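Structure, as structure tokens:
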Amino acid sequence: MMSAAFAIKNLERWEYKVANLTRRLVVAFDKLCTSPLSKEQVRADPADLTLDFNKWINLWTIEAINNIALSSTLGLLEQGSDAVTAEKPDGTLYKARYWQAQNQTSYAQATFVWDYDNFHLLSWLSNLVPNWRSVWKEAEPWNDVVLHQAAERLRKYQAGEKLDDFFTCLMEDKSGSPNNLEWGEIVSEISVIINAGADTTAIALTQLMELLIRHPNELSHLRQELDLVLDKDEIVAPYDKVKDLPFLKACLDEGLRIFPPTSAGLPRRTPSEGAQILGQWIPGDTSVSMTIYATHRDPTVFPNPEEFQPSRWLDPEERKRMEPFFIPFTTGARGCIGRNISYLEQAVVVATLVHRYEFALPSKEWELQRHEAFNILVGELPVKIWRRGLS
């Protein structure tokens with residue numbers, strides 16, 4: 001039902017949504033710009049670290065997936081925070097923090113969900129520990145955030161509004177006939193879409209931006225490629241102009257290779273009769289997985305795997321050799337169906353920001369903090385930002 005909606009030919013008709021949201025992001029970033037970093041400065045003035053890139057790009061991806069999935073506008077980029085309306089099952093409305101609830105839900109579930117049979121017991125026991133009680137409390141609003149978004153969209157649907165989004169694909173088939181899904185199933189699908197469709201892309205973008213700032217030669221190469229196709233006064237990079245740029249695609253893929261947002265790989269369960277995997281017999285009903293992080297750093301596949309080298313993807317034969325081992329979206333029947341929208345979003349926002357702005361980290365020694373949960377949760381990315389002198 002949903003895979004067709006995520007096909008690239010369908011997603012490109014929603015490029016205008018990504019473009020509109022990116023224009024709103026540019027408005028916010030312009031307000032945070034400082035004077036250029038002088039050549040004599042070895043580190044940015046702490047007062048000039050006006051932009052937490054991770055925070056703002058999360059606000060952008062949250063807005064993006066909710067607009068694409070539910071045609072909603074949350075106003076996060078204008079208010080500069082993740083405060084949204086949540087709705088309890090009895091209809092009570094209250095304010096909640098979207099990003100915080102989403103992150104803490106991911107953190108808590110990633111810790112306990114693998115023990116399927118004992119998950120409810122473990123989650124109850126963990127509430128007896130003060131630190132974990134705080135995590136669960138901050139995660140608690142997530143279901144209510146999802147419920148409110150779903151309920152608002154349903155009200156529009158029942159009022160006869162014709163909106164082009166994923167919700168319509170849930171409610172109707174291609175001919176417009178109802179799919180007759182139960183409300184609980186609809187809410188569950190929406191939860192998966194607006195959760196997985198926001199944080200993973202934000203994690204990828206944050207880590208790629210840090211890598212580009214740390215590697216000025218690669219950043220310069222990317223800018224040269226973008227400057228050749230984008231007008232100097234072009235505020236948002238049109239997808240048609242950047243979707244086939246080889247070095248931009250190479251940068252996106254190299255960022256996903258070196259720091260995949262989901263590093264552990266999603267587990268599968270062997271059939272009850274067992275399975276032969278790479279010459280090893282695995283008993284039935286056994287959880288199996290492969291780590292994406294380790295696969296992407298196999299030196300026999302990716303020479304100098306610890307190094308950020310986008311150019312490794314430019315040779316067609318080399319790309320063909322490496323791609324079977326490049327699995328940031330996992331693979332197979334259960335692979336991420338949102339990979340096309342993620343690539344579209346990343347291409348537009350990276351091209352726009354790299355073309356329009358310069359960035360500087362606090363210092364060469366500064367490091368981005370990462371914590372492995374279900375996804376790799378990243379910390380603040382404080383940067384100095386200023387407009388490029390395009391001529």
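So the sequence shown is numbered by this note's numbering: it starts at 1 and just counts up by one.
Ideal Cβ placement from N, Cα and C applies to all residues, glycine included.
What you are looking at is a predicted structure, and each value in this text was computed from that prediction instead of being measured.
Does the pairing of the stretch 271-288 with the stretch 314-322 give three or more beta-carbon distances under 8 Å? no
By how many angstroms is the C-alpha of L219 removed from the C-alpha of A351? For the purposes of this step, residue 351 is taken as residue 351 along the sequence shown, with counting starting at 1. For the purposes of this step, residue 219 is taken as residue 219 along the sequence shown, with counting starting at 1. Rounded to the nearest angstrom, the two C-alpha atoms are 11 Å apart.
So, using beta-carbon positions, are Y107 and V145 closer together than 8 Å? Translated into the one-based positions of the sequence shown, residue 107 becomes position 107. Translated into the one-based positions of the sequence shown, residue 145 becomes position 145. Contact: no.
Residues near L59 in its chain [Cβ-Cβ closer than 7 Å; skip 5 each side]: As a first step, residue 59 must be located in the sequence shown, where it is residue number 59. Only L76, L77 and D82 meet the Cβ criterion.
Could you tell me which whole alpha helix (DSSP H) segments of length 4 or greater appear in the stretch 264-290? none
On the CB-based measure, 16 or more other CB atoms within 10 Å of its CB, does G176 come out buried or exposed? Taking the sequence shown and counting its residues from 1, one reaches residue 176 at position 176. Exposed, by the Cβ-count rule.
How many Å lie between K162 and E172 at the Cα? Here residue 162 refers to the residue found at position 162 when the sequence shown is read from its first residue. Here residue 172 refers to the residue found at position 172 when the sequence shown is read from its first residue. Each residue's Cα considered, the two are about 12 Å apart.
Is the beta carbon of D117 less than 8 Å from the beta carbon of K384? Taking the sequence shown and counting its residues from 1, one reaches residue 117 at position 117. Taking the sequence shown and counting its residues from 1, one reaches residue 384 at position 384. Not a contact, by the Cβ cut-off of 8 Å.
Can you tell me the Cα-Cα spacing of V301 and T291, whole angstroms? Within the sequence shown, numbered from 1, the residue matching residue 301 stands at position 301. Within the sequence shown, numbered from 1, the residue matching residue 291 stands at position 291. Computed Cα separation, rounded: 15 Å.
Only counting runs of 4 or more residues, tell me where the alpha helix (DSSP H) segments fall wholly within the stretch 303-370, in order along the chain. 316-322 and 339-356
Which listed residue (A333, E307 and Q100) has its alpha carbon closest to that of L266: For the purposes of this step, residue 266 is taken as the residue at position 266 of the sequence shown. Ranking A333, E307 and Q100 by Cα distance to L266 puts A333 first.
What first and last residue would you give for the alpha helix (DSSP H) that runs through Y16? Here residue 16 corresponds to residue number 16 of the sequence shown, with the count starting at 1. Looking at the DSSP string, the run of the alpha helix (DSSP H) that includes Y16 is E15 to K31.
Do E306 and R312 have their CB atoms nearer than 8 Å? What you label residue 306 is simply residue 306 of the sequence shown in a count that begins at 1. What you label residue 312 is simply residue 312 of the sequence shown in a count that begins at 1. In this structure, R312 does not lie closer than 8 Å to E306 by Cβ.
Candidates N20, L121 and K55, of which the one nearest Q100 by Cα: Working through the sequence shown from its first residue, we reach residue 100 at position 100. Among N20, L121 and K55, the Cα nearest to that of Q100 belongs to K55.
Could you work out which residue in A69, Q79, D231 and N180 is closest to R153 when comparing CA atoms only? If you number the sequence shown from 1, residue 153 lands on position 153. Nearest option by C-alpha distance: A69.
Closest by CA to C169, which one among E189, G184, G91 and R269? As a working mapping, residue 169 is identified with position 169 in the sequence shown. When only C-alpha atoms are compared, the closest one is E189.
Looking at T200: is its Cβ nearer than 8 Å to the Cβ of L381? Residue mapping note: residue 200 aligns to position 200 of the sequence shown, counting from 1. Residue mapping note: residue 381 aligns to position 381 of the sequence shown, counting from 1. No, they are not a contact pair.
Which one of T295, Q276 and Q79 has the shortest CA to CA distance from T286? Indexing the sequence shown from 1 puts residue 286 at position 286. It is Q276 whose Cα lies nearest to the Cα of T286.
Under a Cβ-count criterion, where at least 16 other Cβ atoms within 10 Å of its own Cβ denotes burial, should V349 be classed as buried or exposed? In the sequence shown, residue 349 corresponds to position 349, counting from 1. By the 10 Å Cβ count, V349 comes out buried.
Chain-order list of residues whose beta-carbon lies under 6 Å from that of A150 (same chain, five-residue window excluded): Here residue 150 is taken as the residue at index 150 of the sequence shown, counted from 1. So the qualifying residues of the chain are V187 and I190.
For the putative contact between I376 and S263, defined by C-beta atoms under 8 Å, what is the C-beta separation to the nearest angstrom? Counting from 1 along the sequence shown, the entry for residue 376 is found at position 376. Counting from 1 along the sequence shown, the entry for residue 263 is found at position 263. Going by Cβ atoms, the distance from I376 to S263 rounds to 5 Å, so yes, they are a contact pair.
Let me check understanding here. Comparing Cα to Cα, which of V236, V192, Q158 and E210 lies closest to D30? In the sequence shown, residue 30 corresponds to position 30, counting from 1. The shortest Cα separation from D30 among V236, V192, Q158 and E210 belongs to V236.
Count Cβ pairs between the stretch 239-247 and the stretch 360-372 that sit closer than 8 Å; are there 3 or more? no
Should V378 and I203 be called a contact, given that it needs their Cβ atoms to be closer than 8 Å? Numbered from 1 along the sequence shown, position 378 holds the residue referred to as residue 378. Numbered from 1 along the sequence shown, position 203 holds the residue referred to as residue 203. Cβ distance < 8 Å, so V378 and I203 count as in contact.
Which residues share a DSSP beta bridge with P178? In the sequence shown, the residue the question calls residue 178 occupies position 178. Paired residues: E172.
At the 8 Å Cβ level, is T168 part of the contact set with chain C, yes or no? Of the protein chains in this structure there is only one, and it is not chain C.
Please report the Cβ distance between E345 and R388, rounded to the nearest whole angstrom; I am assuming they are in contact, meaning their Cβ atoms lie under 8 Å. Here residue 345 corresponds to residue number 345 of the sequence shown, with the count starting at 1. Here residue 388 corresponds to residue number 388 of the sequence shown, with the count starting at 1. Not really, about 22 Å apart at Cβ, beyond 8 Å.
Using the C-alpha atoms, what's the distance from P324 back to E273? For the purposes of this step, residue 273 is taken as the residue at position 273 of the sequence shown. For the purposes of this step, residue 324 is taken as the residue at position 324 of the sequence shown. Looking at the two C-alpha atoms, the distance is approximately 28 Å.
On the DSSP letters alone, give me the boundaries of the beta strand (DSSP E) that A139 sits inside. Position 139 of the sequence shown, counted from the first residue, corresponds to residue 139. No beta strand (DSSP E) holds A139; the alpha helix (DSSP H) holding it covers P130 to A139.
Residue range of the unbroken alpha helix (DSSP H) whose run includes Y405: Residue 405 lies beyond the residue range present for the chain, which begins at 1 and ends at 391; the question has no answer from this structure.
Cut-off 7 Å between Cβ atoms - residues of its own chain near I57, not counting five sequence neighbours on either side: Counting from 1 along the sequence shown, the entry for residue 57 is found at position 57. Excluding sequence neighbours, I57 sits near A202, L205 and T206.
Give the single residue among L147, E210 and T295 whose Cα lies nearest to the Cα of R257. On the sequence shown, residue 257 is found 257 positions in, with the first residue counted as 1. If we check each option's Cα against that of R257, T295 comes out closest.
Based on Cα-Cα distance, which residue from N127, E138, S71 and V84 lies nearest to N103? Here residue 103 corresponds to residue number 103 of the sequence shown, with the count starting at 1. When only C-alpha atoms are compared, the closest one is E138.
Look at the Cβ atom of K17, then the Cβ atom of N67, and state whether they are nearer than 8 Å. For the purposes of this step, residue 17 is taken as the residue at position 17 of the sequence shown. For the purposes of this step, residue 67 is taken as the residue at position 67 of the sequence shown. Yes. Within cutoff.
Inspect the beta-carbon positions of L208 and L252 and report whether they are closer than 8 Å. Position 208 of the sequence shown, counting from 1, holds the residue named residue 208. Position 252 of the sequence shown, counting from 1, holds the residue named residue 252. Contact: yes.
Beta-ladder partner(s) of Y94, from DSSP: Residue 94 sits at position 94 when you count from the first residue of the sequence shown. In DSSP, Y94 forms a bridge with A86.
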